[in-house]
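See structure below.
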Amino acid sequence: MIEKFAPQQEVSKAKQLVTQLAARDFASIEAQLDTTLRTPELQSTLERLAKIVPTETPRSINIVGANTFSSGEVTNYNLTLEYEYSSSWLLTNVQLVRNGTQVVVTGFHLQPEQTPLKEVNRFTLSEKGFLHYLFLLLAAVIPIFIVYVLRLCYKTPALKRKWLWYVFIAVGMIQFSINWSTGETSIQLISFLLLGAGFLSSGPFAPVVLSFALPVGAISFLAKRQALAEQNAG
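Below you can see the structure in the form of structure tokens.
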């Protein structure tokens, strides 16, 4: 089972690791690590990571990512914290495994940043490329087109199973998505998107994902309506 939440005890342990690293308390860190991480290179790795942590007290610590996977009595935690300092930010990712009452660290990564995630993932039109604007245009136009066709469907007389047409028209099929921050795109071939567009962000620190889906139902109805009009005219 996969969940998204931040267990307080595990978050406290993740924060403690950074505190111990800043204090160069490597012995306490090593005692919490999984045996697979206790390699001959561990001391030099901890020395390198300690140089990344600013010596000042952080202004704030925010949980920007939390995932939990449970299988039987074993629970895996993947936590990401953002530390704010006076002139920089630090992303800390910690992987923990709980088995009963025992909790061990299976992964620990630091990444210094010059810009906070909120700013990096802010929805903005500046410095965006052609693909961003194309997705934005289609995500705006497709819902308008679908609403227009729904109105035509409502006004079309002698249409059998009209309610099925409403459902078919109202959803877009084959979803195209773009991560607004990175520009990475994806396609879901089996997907249904209401009114053919979507705007999603999993939190204040997460990137916006903009999506559109092809208005297959709306286009099909226009073809059907044209056929009905020709039939009535004949």
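Heads up: the sequence shown begins at 0 in numbering that gives the first Met the number 0, then just goes up one per residue.
Quick reminder that beta carbons are idealized off the backbone N, C-alpha and C, glycines included.
Predicted, not measured: the structure shown is a model, and the values here were computed from it.
Measuring C-alpha to C-alpha distances from leucine 109 to each of Ala205, Ala222, Lys14, Gln225 identifies Lys14 as the nearest. Boundaries of the alpha helix (DSSP H) harbouring tyrosine 165: 161–169, taken from the DSSP string.
Counting along the chain, leucine 45 sits inside the alpha helix (DSSP H) bounded by residues 41–51.
The Cβ-Cβ distance between valine 10 and leucine 78 falls below 8 Å.
8 Å or more divides the Cβ of alanine 21 from the Cβ of threonine 74. By the neighbour-count criterion, in which a residue is buried when 16 or more other Cβ atoms sit within 10 angstroms of its Cβ, arginine 97 is buried. By the criterion of a C-beta distance shorter than 7 Å, isoleucine 168 is surrounded in its chain by Ile145, Val148, Leu149, Cys152, Gly216, Ala217, Phe220, once the five residues flanking it on both sides are discounted. Under a 10 Å Cβ-count criterion, tryptophan 162 is classified as exposed, with fewer than 16 other Cβ atoms of the shown protein chains found around its own Cβ. Straight-line measurement puts the Cα of threonine 100 at about 54 Å from the Cα of tyrosine 165. The three-state secondary structure of glutamate 183, taken from DSSP, is coil. Beta bridge pairing from DSSP links tyrosine 76 with Thr67, Leu95.
Looking at the DSSP output, isoleucine 218 sits in no beta bridge, so it has no partner there. For proline 142, the enclosing alpha helix (DSSP H) has its first and last residue at 129–154. Taking C-beta atoms as the reference points, phenylalanine 191 and leucine 209 fail to come closer than 8 Å.
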